[in-house]
Each structure stands twice: as structure tokens, then as C-alpha cells.
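Numbered per numbering that gives the first Met the number 0, the sequence shown finishes at 218, counting up by one with no gaps.
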Amino acid sequence: MSNRICLASKSPRRRELLGLYGWEITVLSDPSEPRGWFAGDEEELAGETPAEYVHRTAVTKLMDGIAARDELGAAVSGLPVLAADTVVSIDGRVLGKPRDRAEAEAFLRALSGRANEVRTVVAVGRSKDDYRTVSVASEVEMRPLSEAEIRAYASTDEPYDKAGGYGIQGLAGLFVRTIRGSYTAIMGLPVCEAAELLALYGAPAPVLAQRMSTSSTSK
Numbered sequence: 000m001s002n003r004i005c006l007a008s009k010s011p012r013r014r015e016l017l018g019l020y021g022w023e024i025t026v027l028s029d030p031s032e033p034r035g036w037f038a039g040d041e042e043e044l045a046g047e048t049p050a051e052y053v054h055r056t057a058v059t060k061l062m063d064g065i066a067a068r069d070e071l072g073a074a075v076s077g078l079p080v081l082a083a084d085t086v087v088s089i090d091g092r093v094l095g096k097p098r099d100r101a102e103a104e105a106f107l108r109a110l111s112g113r114a115n116e117v118r119t120v121v122a123v124g125r126s127k128d129d130y131r132t133v134s135v136a137s138e139v140e141m142r143p144l145s146e147a148e149i150r151a152y153a154s155t156d157e158p159y160d161k162a163g164g165y166g167i168q169g170l171a172g173l174f175v176r177t178i179r180g181s182y183t184a185i186m187g188l189p190v191c192e193a194a195e196l197l198a199l200y201g202a203p204a205p206v207l208a209q210r211m212s213t214s215s216t217s218k
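Put into C-alpha cells, the structure is as follows:
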């Protein structure tokens, strides 16, 4: 067993969540994230549903991450690589990261008073032929937002590095009436499912693995 993994994402939220449970992380580069509105018949989605799109992009990130790990050499050779992608969609339409303030405000108006789907796919593997994925869908219902609230939120830095233009763990938590599903998946990494996949590749959650080892040897 090892507590060392590679993360094919520069997302600070994913890094913080994994670090919270004790994994030692080597961060790899990842592809640029989609920005703006994407409809199902546009080139970015290639006719895919949001679920198909996010699965494809997560696997693409994993493949790129494995290649980046291999370029780093012996220090990280053979370590499991974790990649993830999250999409927010409403009425089957994907919301990327807002390109500007006007689009951030448009996103919030679309989400106001309605439920949106947040789907995160986690992909973990050691090679391009040996990997597994899991998809976690959650629902976020926002209360109706006033124009003043929309403008105030869009004036912060928070919307612009997040799918859908909002962060549930930040100021946008003030807008969320209910969630159905995984809170950490909505943040960008379902830690339960990620830990299960990492354990399959010899890297169980260190905070528990150490205690389990100590408990078994003391009996």
C-alpha cells in the first residue's frame, strides 16, 4: 500500500480534499477547462449528452495525466493517477466556466429558482489499458435570486473558475436550498467513490489505512 498518488488536475478543491485524507499528491497538468454555454449539438459536445461528455473528458484527462506522469520518470513511475471532471447542466445544456461577468450573471439567472444537475466523473488508473471510472450525479436546487444578488455574486472572483459559475462551498451556499446526492461531488470530487477507486489501485485513504494496520497488529 502507498499514500502516494498523481492528480491530473490543477483544481485546488480536488487537491485540498485528497490532502485532507492524507494522500501525498504529485500534481500533473491537465487540459484547459470548457468555458461558456455549450449546447448538445455544438462541436464541444459532439452530439453527446452531459453524462457522455463528462465521462469522455474525465478519461481524456486521465490519459493525458498518465502520459505526463511517465514523462516525470522514476520518482512517480507506476503511481496511480486520478483525474476528474465536473459538469453542471440544466435542461440538458452544459454550463462551463463563465467567460466574463455578463455570462456569469446569465448563468445565475438560468439557475435561479430551479434545480440543476451536477455530474462528476472520477477516473483512476495506472496505465492507458488499466483504469476504472465512476460517475456521480447530484441535484442542486437554488432559491430564486434577485438581480442585486446576481450582480453582487458575479462581482466576486468566485464564479470564474467553477463549472456552472458557482461554488457551493463558497458564497453560493447562500443560494442553495437543497441538494440531493454527494456534497463533495458537487465540489468537484466525490471522496467516497474516489477513495474506493484508489484503494483498488493500492492507495487506500491513508488516515484509515494506518489505523487499520495498527488495529490489526495490536490484536
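Built from N, CA and C at the ideal position, the CB exists for glycine as well. Just so you know, these numbers come straight off a predicted model, no measurement behind them.
- Task: Whole angstroms is fine: what's the gap from residue 3's alpha carbon to residue 146's?
- Result: Residue numbering aside, residue 3 sits at position 4 when the sequence shown is read from its first letter. Residue numbering aside, residue 146 sits at position 147 when the sequence shown is read from its first letter. So the alpha carbons of these two residues sit roughly 46 Å apart.
- Compute the beta-carbon to beta-carbon distance between residue 82 and residue 96, rounded to the nearest angstrom, for a pair I have assumed lies under 8 Å. For the purposes of this step, residue 82 is taken as the residue at position 83 of the sequence shown. For the purposes of this step, residue 96 is taken as the residue at position 97 of the sequence shown. Incorrect: roughly 17 Å between the Cβ atoms, too far for contact.
- Message: As a quick exercise: from 199, 200, 201, 191, pick the residue whose alpha carbon is nearest that of residue 19.
- Response: The residue given as residue 19 occupies position 20 in the sequence shown. The option with the nearest alpha carbon to residue 19 is 191.
- Based on the DSSP output, what are the partners of residue 91 in its beta bridges? Here residue 91 refers to the residue found at position 92 when the sequence shown is read from its first residue. DSSP lists no partner for residue 91.
- Message: Within the continuous beta strand (DSSP E) that includes residue 129, where are the two ends?
- Response: In the sequence shown, counting from the first residue as 1, residue 129 sits at position 130. First-last of the beta strand (DSSP E) with residue 129: 129-141.
- Message: Checking the sheet assignment: what are the DSSP bridge partners for residue 6?
- Response: For this step, residue 6 is matched to residue 7 along the sequence shown. Paired residues: 26, 81.
- Query: With burial defined as no fewer than 16 other Cβ atoms inside 10 Å of the residue's Cβ, what is the status of residue 87: buried or exposed?
  - Reply: What you label residue 87 is simply residue 88 of the sequence shown in a count that begins at 1. It is buried - the Cβ of residue 87 has at least 16 other Cβ atoms within 10 Å.
- Message: I need the straight-line Cα distance from residue 98 to residue 76, nearest angstrom please.
- Response: Sequence index remark: in the sequence shown, residue 98 carries index 99 (1-based). Sequence index remark: in the sequence shown, residue 76 carries index 77 (1-based). Rounded to whole angstroms, residue 98 to residue 76 spans 37 Å at the Cα level.
- Message: Could you tell me the alpha carbon to alpha carbon distance between residue 113 and residue 74, rounded to whole angstroms?
- Response: Looking up residue 113 in the sequence shown gives position 114. Looking up residue 74 in the sequence shown gives position 75. Rounded to the nearest angstrom, the two C-alpha atoms are 48 Å apart.
- Item | Member of 177, 17, 15 whose CA lies at the smallest distance from the CA of residue 141 | Reading the sequence shown from its first residue, position 142 is the one you call residue 141. Nearest of 177, 17, 15 to residue 141, Cα basis: 177.
- Message: Within the continuous beta strand (DSSP E) that includes residue 120, where are the two ends?
- Response: Taking the first residue of the sequence shown as 1, we reach residue 120 at position 121. Run containing residue 120: 114-126, per the beta strand (DSSP E) assignment.
- Message: Suppose the cutoff is 7 Å on Cβ atoms and the five residues either side in sequence are ignored; what does the same chain contact list for residue 204 look like?
- Response: As a first step, residue 204 must be located in the sequence shown, where it is residue number 205. In its chain, beyond the 5 residues on either side, 20, 21, 194 have a beta carbon closer than 7 Å to the beta carbon of residue 204.
- Message: Would residue 132 and residue 54 qualify as a contact pair, given that the criterion is a beta-carbon distance under 8 Å?
- Response: On the sequence shown, residue 132 is found 133 positions in, with the first residue counted as 1. On the sequence shown, residue 54 is found 55 positions in, with the first residue counted as 1. In this structure, residue 54 lies closer than 8 Å to residue 132 by Cβ.
- Query: With 16 other CB atoms within 10 Å as the buried threshold, where does residue 41 fall?
  - Reply: Taking the sequence shown and counting its residues from 1, the one referred to as residue 41 is at position 42. Only weak support is given to the placement of residue 41: the predicted model assigns it a pLDDT of 46, under 50, and the question is left unresolved by the model.
- Relative to the C-alpha of residue 127, which residue among 49, 12, 27, 65 is closest? Working through the sequence shown from its first residue, we reach residue 127 at position 128. For the residues 49, 12, 27, 65, the minimum Cα distance to residue 127 belongs to 65.
- Message: Spatial neighbours of residue 187 within its chain, please: C-beta separation below 7 Å, excluding the five flanking residues on both sides.
- Response: Walking along the sequence shown from the start, residue 187 turns up at place 188. Within the same chain, residue 187 has close Cβ partners 10, 12, 13, 83, 85, 119.
- With DSSP as the reference, label residue 161 as helix, strand or coil. Mapped onto the sequence shown, residue 161 falls at position 162. In this structure, residue 161 counts as coil in the three-state DSSP scheme.
- Message: Closest to residue 15 by C-alpha separation, out of 168, 198, 181, would be which residue?
- Response: In the sequence shown, counting from the first residue as 1, residue 15 sits at position 16. Cα-wise, what sits closest to residue 15 is 168.
- Query: With respect to the beta strand (DSSP E) encompassing residue 175, which residues constitute its N-terminal and C-terminal limits?
  - Reply: Position 176 of the sequence shown, counted from the start, is the residue given in the question as residue 175. From DSSP, the beta strand (DSSP E) with residue 175 extends over 175-179.
- Query: Under the rule that 16 or more other beta-carbon atoms within 10 Å means buried, what is residue 199, buried or exposed?
  - Reply: Taking the sequence shown and counting its residues from 1, the one referred to as residue 199 is at position 200. By the beta-carbon neighbour count (other beta carbons within 10 angstroms, threshold 16), residue 199 is exposed.
- Quick one: what's residue 286 bridged to in DSSP? Nothing in the structure corresponds to residue 286, since the chain is present only between 0 and 218.
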